[in-house]
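For the sequence shown, position 234 matches number 244 in my numbering, and the numbering has no gaps at all.
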Amino acid sequence: MSHTMRKEENALHDNELGRVIPCNALDWSDPFNWLRLGLMDMTKAPLVTLFYGIIFTLVPIGIMYLVSLTENHLVIAPAIVCFMLVGPFLAAGLYDVSWEFEKGHKPTLWHSIKAMSRNNVHEWAFAILLLVIMIFWLRIASLIHALYPPYISDDFSELLPFLALGTGVGALLSAFVFTISAFTQPILVERKVDLMTAVLSSINAVWSNKGVMAVWAAIIGVGVVIGFLTQFIAFLVIMPLLAFATWHGYIATITTKRKRRFE
11 MSHTMRKEEN
21 ALHDNELGRV
31 IPCNALDWSD
41 PFNWLRLGLM
51 DMTKAPLVTL
61 FYGIIFTLVP
71 IGIMYLVSLT
81 ENHLVIAPAI
91 VCFMLVGPFL
101 AAGLYDVSWE
111 FEKGHKPTLW
121 HSIKAMSRNN
131 VHEWAFAILL
141 LVIMIFWLRI
151 ASLIHALYPP
161 YISDDFSELL
171 PFLALGTGVG
181 ALLSAFVFTI
191 SAFTQPILVE
201 RKVDLMTAVL
211 SSINAVWSNK
221 GVMAVWAAII
231 GVGVVIGFLT
241 QFIAFLVIMP
251 LLAFATWHGY
261 IATITTKRKR
271 RFE
């Protein structure tokens, strides 16, 4: 689907914090088109997709194993948020696969792994940023848990206020992380720009297309929930699909000064 860039719709512009790459105006059907294109990439690179799918499956299994060691089911929600925080960084290799297809190349596992170091300093800075946010969330979750009355039983009606508070805080943090990271990693993979430019450009794209990006965020959220409900087995397919689709979303959303000429 073609897009006509309307600069007046951009929420942010170059400022004292950094440069902002303009974005296109999106249509409501775009997120579903990204999924369709992502599914095509999956079928063309099944082995690379499986490799990353296994990683995306093992990570939450490891998280939940650590949760089980605490013998406290109330830390499951923070663990889910933590998984959503590290997802964008882990997906860098899959972005490279889609990019290779667009250039008419045959993607390889090693080439996709090297993509994580293409913009090394700023990609690691982004990973550290996500890690700091994750630690911040865990501390907030611990504080909420510590302040809650110790005499509350496991009865759901008595747990509801606690769960509502934790879910609300987690939802706000997830929305913040989605805004700053929706397209940050793809930008860093394809372009030699600094982290602030990538983050500001992601914020601009999300805020300028709030409704459409809310649909995309909901699709990601549903995918994560399905993964957890299936004991993470569905992550073998869901997470690579979302990563491939994110790359196509980035191509459709973030503009370039000149038309891309893939060889």
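Glycine included, each C-beta is placed from N, C-alpha and C at the ideal position.
Quick check on residue 185: buried or exposed, where buried means 16 or more other Cβ atoms within 10 Å of its Cβ? exposed
Quick check on the DSSP output: the alpha helix (DSSP H) that includes residue 124 runs from which residue to which? 119 to 124
Once the 5 residues before and after residue 58 are set aside, which same chain residues still bring their CB inside 7 angstroms of it? 107, 117, 119, 122
What does a CB cutoff of less than 7 angstroms around residue 18 pick up in its chain, not counting 5 residues either side in sequence? Note that residue 18 scores 42 on pLDDT, short of 50, meaning its location in the model is unreliable; the coordinates nonetheless yield the value given after this. None.
Does any residue of chain B have a CB that is nearer than 8 angstroms to the CB of residue 198? In the structure shown, chain B does not exist; there is a single protein chain.
Residue 231 and residue 248 - do their beta-carbons sit closer together than 8 angstroms? no
On the DSSP bridge assignment, give the partners of residue 114 in chain order. Under DSSP, residue 114 forms no beta bridge with any residue.
Who pairs with residue 237 in a beta bridge, going by DSSP? Answer is none; residue 237 lacks a bridge partner.
For residue 138, which of helix, strand or coil comes out of DSSP? Helix, per DSSP.
Using C-beta distances below 8 angstroms, list every residue in its chain close to residue 175, excluding the 5 sequence neighbours before and after it, in chain order. 154
Measure from the alpha carbon of residue 203 to the alpha carbon of each residue in 131, 269, 65, 41, then state which is nearest. 131
Pairs of beta-carbons, one from the region 67 to 82 and one from the region 253 to 265, closer than 8 angstroms: are there three or more? No, because fewer than three Cβ pairs between the region 67 to 82 and the region 253 to 265 fall closer than 8 angstroms, the two stretches do not touch.
Among 140, 135, 50, 212, the one whose alpha carbon lies nearest that of residue 192: 212
Outcome for residue 51 when other beta-carbon atoms lying within 10 angstroms are tallied against a minimum of 16: buried
Cβ separation of residue 265 and residue 34, assumed to be a contact under 8 angstroms, to the nearest whole Å: 6 angstroms
Does the distance from the CB of residue 194 to the CB of residue 136 come in under 8 angstroms? yes
4-residue-minimum alpha helix (DSSP H) runs that sit fully inside the region 184 to 226, ordered along the chain: 194 to 200, 205 to 218
Which same chain residues end up closer than 8 angstroms to residue 30 when comparing Cβ atoms and leaving out the 5 residues on each side of it in sequence? Shown here for residue 30: same chain residues with a beta carbon closer than 8 angstroms to its own, the five before and five after excluded, namely 20, 22, 23, 24, 207, 210, 211, 214 in chain order.
Euclidean distance between Cα positions of residue 189 and residue 217: 8 angstroms
Assign residue 31 to one of three DSSP states: helix, strand, or coil. If DSSP states are grouped into helix, strand and coil, residue 31 belongs with coil.
On the criterion of 16 or more Cβ atoms from any shown chain inside 10 Å, does residue 115 qualify as buried, or is it exposed? Label assigned to residue 115: exposed.
What do you reckon, are the CB atoms on residue 270 and residue 199 nearer than 8 angstroms? No, these two residues do not count as a Cβ contact at 8 angstroms.
For the alpha helix (DSSP H) containing residue 258, list its first residue and its last residue. 245 to 263
List the endpoints of the continuous alpha helix (DSSP H) containing residue 22. Unbroken run through residue 22: none, as it is neither H nor E.
Compare the C-alpha of residue 243 against each of 67, 48, 26 and name the closest. 67
Could you work out which residue in 170, 140, 101, 40 is closest to residue 219 when comparing CA atoms only? 40
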